[in-house]
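In this text, residue positions in the sequence shown follow our numbering: the first is -3, and each later residue adds one.
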Amino acid sequence: MDCLEALTTRSGVLDYRPDPVEKGLIEQVLNAAISAPSPANLQAWSFVVVTHPEKTRKLAHYLMDVQDRKVFQEFLGLQPEETGRYMRLYEMFDQVPCFIIICLEPKCHFTLPEHESILRDWYLLSLGAAVGNLMAAAKAFGLGTRWFGGFALDGGGQYLKELFSIPGDIEIAAVTPLGYPADSVRPRKRIEQSREELSAFEREDSRRLAQMLRGKLPLKDLIHYEKWVG
């Protein structure tokens, strides 16, 4: 699979086979991640790889709980009785053989205090690029991933820090499963939605949530030539 195909066909995976992912393959995926650009080549990233079955199950259950309570109910405003249809998508999630915790770890401090917040924004942008590389590489190797960040709504990842002995000054930016998709997983075509449809979405509109989560804006609604239009 070439790079462009991996990037444009990637989608989040929740159903995984329990087969372990070889250490060499994990490291190839992470090598793609650390090939991302970073401000002044400061490389403010580190990764915690979790493969112990007891810990992967514990992490999977925690992410499912946060997704239900904090993302679906608190963040998106769904009622508890409405979240069941979405949580059914996680029935095989506790079979994930590997998780990667992506951390923000500045390696040096050289900027002026008034520039710290700007530098942190740059760090987070570079981490986003690293995660994008990771997910595209995983897709090219036939592996599935999915971006999780709901833990930020639940104490900023403190539970994960305690579970995996992550120092207090290290910030958790994202978590992704990494594994071979279950046989039931099929390539899916993203639903195209207009900018107007997305803008009209309301927080508690459970009827349109599924479309919003799968929808993709057309390129023509996102690109401006020579100057901003509209």
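Cβ atoms here follow ideal geometry from the backbone N, Cα and C, with glycine treated the same way.
C-alpha gap between residue i and residue j, whole angstroms
i       : j      : result
Ala56   : Glu158 : 16 angstroms
Ala148  : Val45  : 19 angstroms
Ser195  : Lys19  : 43 angstroms
Tyr119  : Leu213 : 27 angstroms
Leu156  : Met131 : 21 angstroms
Phe144  : Leu0   : 23 angstroms
His48   : Pro183 : 29 angstroms
Gln189  : Asp217 : 10 angstroms
Tyr58   : Arg116 : 27 angstroms
Leu74   : Leu38  : 40 angstroms
Leu40   : His105 : Going by the sequence as given, residue 40 is Ala instead of Leu. Ala40 and His105: Cα-Cα distance of roughly 11 angstroms.
Ser42   : Pro163 : 12 angstroms
Ser7    : Val225 : 30 angstroms
Met(-3) : Leu108 : 44 angstroms
Lys51   : Phe89  : 13 angstroms
Leu72   : Arg81  : 14 angstroms
Arg142  : Glu87  : 15 angstroms
Glu236  : Lys185 : Summary: the structure shown does not reach residue 236, with the chain confined to residues -3 through 226, and so no result is reported for it.
Glu222  : Asp150 : 42 angstroms
Leu174  : Leu215 : 29 angstroms
Ala133  : Ile219 : 26 angstroms
Whether residue i touches residue j by CB criterion (7 angstroms)
i      : j      : result
Arg13  : Tyr176 : yes
Val17  : Pro93  : yes
Ala170 : Val127 : yes
Pro146 : Val67  : Residue identity check: residue 146 is Gly in the sequence provided, not Pro. Taking 7 angstroms as the Cβ cut-off, Gly146 and Val67 qualify as a contacting pair.
Ile187 : Gly153 : no
Ser122 : Ser34  : yes
Ser180 : Asp15  : no
Lys135 : Ala2   : yes
Leu61  : Met83  : As written in the sequence, residue 61 is Asp, which differs from the Leu given in the question. Not a contact, by the Cβ cut-off of 7 angstroms.
Asn129 : Ala36  : no
8 angstroms contact criterion, which residue i and residue j should meet: CB distance rounded
i     : j      : result
Val9  : Gly140 : 3 angstroms
Thr4  : Ile96  : No, Thr4 and Ile96 are not in contact; Cβ-Cβ is about 22 angstroms, not under 8 angstroms.
Thr79 : Gln69  : 6 angstroms
Residue-chain proximity (residue i, chain C), Cβ-Cβ < 7 angstroms
i      : result
Ile114 : Checking the listed chains, one finds no chain C in this structure; it contains a single protein chain.
ask   = In the segment 117 to 148, which residue ranges form an unbroken alpha helix (DSSP H) of at least 4 residues, counting only runs that do not cross its ends?
value = none
request  = Evaluate contact between the segment 108 to 117 and the segment 16 to 32, counting only Cβ atoms and requiring at least three cross-stretch pairs below 8 angstroms.
outcome  = no
query = With contact counted as at least three CB pairs below 8 angstroms, one residue from each stretch, are the segment 97 to 111 and the segment 160 to 170 in contact?
reply = yes
query = What runs of the beta strand (DSSP E), each 3 residues or longer, lie entirely inside the segment 22 to 67?
reply = 41 to 46
request  = With a floor of 4 residues, list each alpha helix (DSSP H) that falls wholly inside the segment 169 to 199, ordered by position along the chain.
outcome  = 191 to 195
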